[in-house]
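Going down the list, the protein sequences come from chains Z and A.
First residue of the first sequence? That's 528 in our numbering, and the numbers climb one at a time after it.
First residue of the second sequence? That's 380 in our numbering, and the numbers climb one at a time after it.
Cβ atoms here follow ideal geometry from the backbone N, Cα and C, with glycine treated the same way.
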Amino acid sequence: MSKKSFRQAINEALRQEMRRDPTVVLMGEDVAGGRGGSAGIKDAWGGVLGVTRGLLEEFGDSRVLDTPITEASYIGAAAGAAVTGLRPVAELMFVDFVGCCLDQIMNQAAKFRYMFGGKARTPLVIRAMYGAGFNAAAQHSQALYPLFTHIPGLKVVIPSSPYEAKGLLISAIRDDDPVIFLENKVMYDDEEDVPDEAYTIPLGEANLTREGTDVTIVAFGRMVGYANQAADRLEKKGISCTVIDPRTTSPLDGETILESVAETGRLVIVDESSPRCNMATDIAALVAEEAFDTLRAPIRRVVPPHTPVPFATVLETLYLPSVEKIEAAVTATMKHRVVEKV
Amino acid sequence: MTQDITPITMPKFGLAMTEGKIAGWMVSPDSDIKTGDELVDIETSKITNTFESPVTGRLRRQVASNGEMLPVGALIGVVADAAVTDADIDAFITRFQADFAASSTDQGADAKTDEPTTLTVGGHTLRVHDRGEGDEIPLLLIHGFGGDLKNWMLNQAALAQGRRVIAFDLPGHGGSSKDVGPGTLAFFAEVTVQLLAELGLTRVHVMGHSLGGGIALTLAHVAPQSVASLTLIAPAGLGPQINMDFITGFIEADRVRTLQDVLKYLVHDKTLIGRRMADDVLRYKRLDGAEAALRKVSAACFPNGRQGDDLRPVLEATRIPVTLVWGQEDEILPVAQSEGLPAGIVRHILPDIGHMPQLEAADTLNGLVTTCMKDASLEKTAS
């Protein structure tokens, strides 16, 4: 066990699974290079942010495949390779680029098992970076997990820390269905203790990062850290929060959320994706339908406005949920008084 | 007046920029500059870009010179009011550089901390927590099935006053490697012998819990000269009965909720088993090889749902001072297994306590093991 960054944890998961299983291969733009390709310097960076650095050297270019800048072709190739016996991990770089290859994901990979009557398996992982806060502008900053969550046949994973990232990625690679694995690009340098050995975290079980009695906060990815910080501050004001990290949006561990809301009676959902038809609306609907009687205050959502992600730093900061915004939402839900009907 | 001093640091231009080269200062030292003035050209692996002054003031120092390559965030210049003294600016630079160096170097260089370390013993990597020092004979702690050195969190520090107290993870457990050989008590006792040799210890007091109690007894059998006293907490090997719902439930549970229910067998006060504890155990169980190791140990030690080793003859024959501690409400190994033993064995049955007195009655247990070790030393002096 030692301190590892989010980047190192993901690199280690890939490396250990590639050692364990020769059918695991990497494909994507710049996974092997990223600098001076024409000058013959391979593996210089290992992807734009250095996540796959060193893997080409260990596994060679038959298992670490640099692809042309044609998402539709290599995501399609990865889906085909998965259905014919490999376990490809394809990297889409910025999740925003899914616009170029959605058909391969939505109509092909996600549908194989169903369309072939359960006779085909598609052990495919698509890794991609998501999220604002990196000053990367509107076409490189979206949090598109609701898009994938909407499609039956896909599993969608959003790790919230280095420990979570390693265990969830190993589970994703060993899973026999297509998994979308989304990494918040602002978190790559976050560090925590991560075991050196391989380990798995099951897909579909939420994690409670803290337990409290007054309010349930559900948050995803980077927002889990924000929710914990807000909960720390609220604790000092005498407000006790449970923080739930669902880990996966599909499957969603609704049971854990409902159980917690039954205990606290108050729910705040923190979601950095666009506010219409996102995880916050999805979970709000679930709780309103299944646990309405346990609610002591209206459900509150901490979400961005329905705009493209702004480039200007000041506006980008305003756009994203923040510790302060979460704190305010929790405080507001605590102030609500239920009027008993006679 | 350090608040009037503004550091100019290496900017981060692109997503992947980690360092930049000073391609050329465009303002000479001691010139007055305004916010937005072109200050310095910076070259990255992708582009060369002009960095504009973020403040208005006088460029008092060019800390970085032309051609120098520096990481993002490093100090390249200092802007301050003309009124600020040179001494203040020097002090500011010294402080900034020290802080920057401290934040960018690895924290791994710090001095020896009170943390577990790993040792390689007979081909196994063992996580070992070696605490305390003193002239007294050291104490070795051996945890039970599925446990790890954190089982002693309420005991080890308290007992390590004037004495070395060593806790470790058995093979297959906690942070140790997951190969458990044949998975038998004899195997674990052999590894323990090798660990003592590796630590340079010829003689130790031993406290073992449950399966670890069985290992301690086996150790006392194969290497009696190295054991000064035995404190056995609900040890394995004193009767055939064992709660297999716990053993198989523990092996199979892969979710927090199911594991939490299984862990409740361990204690009398069920409120002690929180979600955190189950989370922590799951972190271990989800390591590759952990579940297979547990299955192997279970098959070797508890074949057909009963304990396979009978250690009563060892306990009856040993001349090592023994203290036996058992919770009256133990739901894993029944307290009745503590009966029918030789009179020389000190026996403490703790009311309203389950299988883990080290957790549920830590102070009482710490007192009992301390007494056991003291009596053993007195006996030795007397003989």
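Spatial distance of glutamate 577 of chain A from isoleucine 700 of chain Z (CA atoms):
Taking the second sequence and counting its residues from 1, one reaches residue 577 of chain A at position 198. Taking the first sequence and counting its residues from 1, one reaches residue 700 of chain Z at position 173. Roughly 39 Å separates the two Cα atoms.
Any idea if threonine 840 of chain Z is buried or exposed, counting beta-carbon neighbours within 10 angstroms, 16 or more meaning buried?
Here residue 840 of chain Z refers to the residue found at position 313 of the first sequence. Threonine 840 of chain Z should be labelled exposed.
Cα-Cα separation, valine 684 of chain Z to leucine 822 of chain Z
As a working mapping, residue 684 of chain Z is identified with position 157 in the first sequence. As a working mapping, residue 822 of chain Z is identified with position 295 in the first sequence. Cα to Cα, valine 684 of chain Z sits roughly 28 Å from leucine 822 of chain Z.
Within a Cβ cutoff of 8 Å, which residues of the same chain sit near valine 457 of chain A, ignoring the five residues on either side of it in sequence?
By one-based count along the second sequence, residue 457 of chain A stands at place 78. So the list reads Ile384, Thr385, Pro386, Ile387, Leu438, Arg439, Arg440, Val442, Ile468, Phe471 and Ile472, once near-sequence residues are dropped.
Does the beta-carbon distance from arginine 534 of chain Z to leucine 576 of chain Z come in below 8 Å?
Here residue 534 of chain Z corresponds to residue number 7 of the first sequence, with the count starting at 1. Here residue 576 of chain Z corresponds to residue number 49 of the first sequence, with the count starting at 1. Closer than 8 Å, so yes.
DSSP on lysine 531 of chain Z, reduced to helix/strand/coil?
Walking along the first sequence from the start, residue 531 of chain Z turns up at place 4. It is a strand residue.
Select from the region 658-689 of chain A all residues with a C-beta closer than 7 Å to any C-beta belonging to chain Z, and list them in chain order.
Arg665, Leu666 and Asp667
For the region 717-740 of chain Z, which residues have a beta carbon sitting closer than 8 Å to at least one beta carbon of chain A?
Pro722, Glu724, Ala725, Tyr726, Thr727, Ile728, Pro729, Glu732, Asn734, Leu735 and Glu738
Indicate the three-state DSSP secondary structure (helix, strand or coil) for isoleucine 421 of chain A in the structure shown.
Translated into positions along the second sequence, residue 421 of chain A becomes position 42. Correct three-state label for isoleucine 421 of chain A: strand.
Out of curiosity, what's the CA-to-CA distance linking glutamate 817 of chain Z and alanine 811 of chain Z?
Counting from 1 along the first sequence, the entry for residue 817 of chain Z is found at position 290. Counting from 1 along the first sequence, the entry for residue 811 of chain Z is found at position 284. Rounded to whole angstroms, glutamate 817 of chain Z to alanine 811 of chain Z spans 10 Å at the Cα level.
Residue closest to asparagine 445 of chain A, alpha-carbon to alpha-carbon, out of A:Pro603, A:Gly436 and A:Ala402
Position 66 of the second sequence, counted from the start, is the residue given in the question as residue 445 of chain A. Among A:Pro603, A:Gly436 and A:Ala402, the Cα nearest to that of asparagine 445 of chain A is on A:Ala402.
So glycine 694 of chain Z contacts chain A; which residues on that side make the cut at Cβ distance below 9 Å?
The count along the first sequence starts at 1 and reaches residue 694 of chain Z at position 167. Those within 9 Å of glycine 694 of chain Z in chain A are Arg662 and Arg665.
If you scan the region 563-629 of chain Z from start to end, which runs of the alpha helix (DSSP H) of 4 or more residues do you find wholly inside it?
582-586 and 598-610
Which residue spans inside the region 622-674 of chain Z form an unbroken alpha helix (DSSP H) run of at least 4?
639-642
Identity of the residues DSSP links to threonine 610 of chain A by a beta bridge
Indexing the second sequence from 1 puts residue 610 of chain A at position 231. Partner(s): A:Met586 and A:Thr702.
Measure the alpha-carbon distance for cysteine 628 of chain Z versus alanine 599 of chain Z and round it to whole angstroms.
Taking the first residue of the first sequence as 1, we reach residue 628 of chain Z at position 101. Taking the first residue of the first sequence as 1, we reach residue 599 of chain Z at position 72. Answer to the nearest angstrom: the Cα atoms are 4 Å apart.
Interface residues of chain A around methionine 620 of chain Z at Cβ under 8 Å?
Translated into positions along the first sequence, residue 620 of chain Z becomes position 93. In chain order: nothing, as chain A lies at least about 11 Å away.
Neighbourhood of threonine 764 of chain A by C-beta, 7 Å cutoff - its chain only, sequence neighbours within 5 removed
Residue 764 of chain A cannot be examined here, being either before or after the span of chain A that is shown, 380 to 762.
According to DSSP, is aspartate 485 of chain A part of a helix, a strand, or is it coil?
Locating residue 485 of chain A in the second sequence gives position 106, counting from the first residue. Low confidence applies here, because aspartate 485 of chain A scores a pLDDT of 48, under 50, leaving its location unreliable; read the following figure in that light. Reduced to three states, the DSSP call for aspartate 485 of chain A is coil.
Interface partners of methionine 528 of chain Z on chain D, CB under 7 Å:
No chain D is part of this structure, whose protein chains are labelled Z and A.
Specify the secondary structure class of leucine 712 of chain A as computed by DSSP and reduced to three states.
By one-based count along the second sequence, residue 712 of chain A stands at place 333. Coil.
Where are the alpha helix (DSSP H) runs, 4 residues long or more, that stay fully inside the region 702-766 of chain Z, in chain order?
749-763
Tell me which residue opens and which closes the alpha helix (DSSP H) that glycine 628 of chain A is part of.
Walking along the second sequence from the start, residue 628 of chain A turns up at place 249. Note, glycine 628 of chain A: alpha helix (DSSP H), 623-631.
Let me check one thing: in DSSP terms, what residues is isoleucine 771 of chain Z bridge-paired to?
Here residue 771 of chain Z refers to the residue found at position 244 of the first sequence. In DSSP, isoleucine 771 of chain Z forms a bridge with Z:Leu735 and Z:Val745.
Taking aspartate 633 of chain A as the query, report the chain Z residues whose CB atoms sit under 8 Å from its CB, ordered along the chain.
Residue mapping note: residue 633 of chain A aligns to position 254 of the second sequence, counting from 1. Within 8 Å Cβ-Cβ: Pro729.
Who are the near neighbours of glutamine 666 of chain Z in its chain, counting only those whose CB is closer than 6 Å to its CB and skipping five residues on each side?
Taking the first sequence and counting its residues from 1, the one referred to as residue 666 of chain Z is at position 139. If we look at glutamine 666 of chain Z and ignore the five residues flanking it on each side, its Cβ neighbours are Asp623.
Using 8 Å as the threshold, is the region 763-776 of chain Z in touch with the region 644-657 of chain Z, meaning 3 or more CB pairs across them?
no
What did DSSP end up calling leucine 553 of chain Z once you bin it into helix, strand or coil?
Translated into positions along the first sequence, residue 553 of chain Z becomes position 26. Residue state, collapsed to three classes: strand.
Check for me: the alpha helix (DSSP H) holding proline 736 of chain A runs from which residue to which?
Here residue 736 of chain A refers to the residue found at position 357 when the second sequence is read from its first residue. First-last of the alpha helix (DSSP H) with proline 736 of chain A: 736-739.
Please tell me whether arginine 654 of chain A has its Cβ less than 8 Å away from any Cβ of chain Z.
Start at 1 with the first residue of the second sequence, and residue 654 of chain A comes out as number 275. True, the Cβ-Cβ gap to chain Z drops below 8 Å.
Going by CA-CA distance only, name the one from A:Asp754, A:Lys529 and A:Pro614 that's closest to serine 555 of chain A.
Taking the second sequence and counting its residues from 1, the one referred to as residue 555 of chain A is at position 176. Serine 555 of chain A has its Cα closest to that of A:Lys529, out of A:Asp754, A:Lys529 and A:Pro614.
Checking 8 Å against the spacing of the C-beta atoms, do asparagine 534 of chain A and alanine 741 of chain A come in under that value?
Numbered from its first residue, the second sequence carries residue 534 of chain A at position 155. Numbered from its first residue, the second sequence carries residue 741 of chain A at position 362. For asparagine 534 of chain A and alanine 741 of chain A, yes; Cβs fall inside 8 Å.
To which residues does DSSP link histidine 727 of chain A through a beta bridge?
Position 348 of the second sequence, counted from the first residue, corresponds to residue 727 of chain A. Answer is A:Val704.
When DSSP builds the beta bridges, which residues end up paired with leucine 541 of chain Z?
Counting from 1 along the first sequence, the entry for residue 541 of chain Z is found at position 14. None, per the DSSP bridge assignment.
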